[in-house]
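Remarks on the structure that follows.
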Ligand SMILES: [Zn+2]
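Set out below in structure tokens:
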């Protein structure tokens, strides 16, 4: 029986070894969601795929549908990976984006929006990087999942007065009287409002400081909180 062939574009999320010469590549595709595929002979020096199937690679693929794992038949680079590898900062940011995307994507469930966000974030890192690229990606991911934090007013009492804390369990920011969660500075709140309120480019131009560190810490906690909750929900669905 001839196997079904299909084309798609994808970002390589991670790879692992299979046998002596092969590798399994975990792909976030544009149209087919997360796919696991075998790249045969990829670890030989004569591999026809060369270095095109490394994590962060953006590739156009021809895949053959398999029973469990698909098979990579052709791979062609959409853009060069080189700018991601110029320094450790780019690399670390790129890996953080891939990890988040891996956690947020589901096998064979198309999420073209997530794919586009990942490609956009990797391009931004390649072009200019900066301390808020990854945190901004996390906030945008949460917003795309419908769980953007409330940043305008205290989530418990609706007060617009001084905001002093952030708590993802509560769904956003809190005033002095209602405070739970982690302390939130006025400057960090302003940056978070910029990121989620349509001034992303201004936020990405901000140089590293204790405030960008704070925003990054809140973003990481918020994403972890969401993933944990989401993983539990998925596990629940699967057991039913
Ligand atoms: Zn309040």
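Residue numbers (the numbering used here): 3 to 242. Here a beta-carbon is modelled for each residue, glycine too, at the ideal position from N, C-alpha and C.
Quiz prompt | Residue environment, residue 46, which counts as buried when at least 16 other CB atoms sit within 10 Å | solution = exposed
Quiz item: What is the C-beta distance between residue 216 and residue 187, in whole angstroms, given that I count them as a contact (C-beta under 8 Å)?
Solution: 6 Å
Quiz prompt | Under 8 Å between C-beta atoms of residue 60 and residue 121 | solution = yes
Exercise. Could you give the DSSP three-state label for residue 135: helix, strand or coil?
Key: helix
Self-check item: Close-in-space but distant-in-sequence residues of the same chain around residue 133 (CB under 6 Å, 5 per side omitted)
Solution: 210, 214
Quiz item: Would you call the segment 61 to 76 and the segment 97 to 109 in contact, with 3 or more CB pairs under 8 Å?
Solution: no
Exercise. Can you have a look at residue 88 and say buried or exposed, based on whether 16 or more other CB atoms are within 10 angstroms of its CB?
Key: exposed
Practice problem: State the DSSP-derived secondary structure class of residue 25, mapped to helix, strand or coil. | Solution: strand
Exercise. Can you tell me which of 180, 55, 203 puts its alpha carbon nearest to the alpha carbon of residue 139?
Key: 203
Quiz item: Could you give the residue range of the alpha helix (DSSP H) that holds residue 105?
Solution: 90 to 106
Practice problem: Write down the C-beta distance between residue 55 and residue 28 rounded to the nearest angstrom, noting that I regard them as a contact closer than 8 Å. | Solution: Between residue 28 and residue 55 the Cβ distance is about 11 Å, and since that is not below 8 Å, they are no contact.
Practice problem: Give the DSSP bridge partners of residue 177, in chain order. | Solution: 165
Practice problem: Leaving out five residues on either side along the sequence, give the residues of the same chain with a beta carbon under 6 Å from the beta carbon of residue 242. | Solution: Reliability of the predicted coordinates at residue 242 is poor, the pLDDT of 45 falling under 50, and the value obtained from them is presented with this limitation in mind. Excluding sequence neighbours, residue 242 sits near nothing in its chain.
Quiz item: Based on the DSSP secondary-structure assignment, which residues constitute the bridge partners of residue 60?
Solution: 13
Quiz item: Are the segment 101 to 117 and the segment 187 to 197 touching by the rule of at least three beta carbon pairs closer than 8 Å?
Solution: no
Quiz item: Got a sec: does ligand 1 put a non-hydrogen atom nearer than 7 Å to the Cβ of residue 161?
Solution: yes
Exercise. Out of 44, 10, 15, point me to the one whose CA is closest to residue 124's CA.
Key: 15
Quiz item: DSSP on residue 230, reduced to helix/strand/coil?
Solution: helix
Quiz item: Does the distance from the C-beta atom of residue 166 to that of residue 159 stay below 8 Å?
Solution: no
Quiz item: If you run the structure through DSSP and keep just helix, strand and coil, what is residue 190?
Solution: helix
Exercise. Enumerate in chain order the residues of its own chain whose CB-to-CB distance from residue 35 is below 7 Å, with the five nearest sequence positions on each side excluded.
Key: 107, 108, 109, 110, 111, 112, 113
Quiz prompt | Selection from 81, 227, 218 that minimises the alpha carbon distance to residue 129 | solution = 81
Quiz item: If we call anything under 8 Å between Cβ atoms a contact, is residue 90 one with residue 40?
Solution: no
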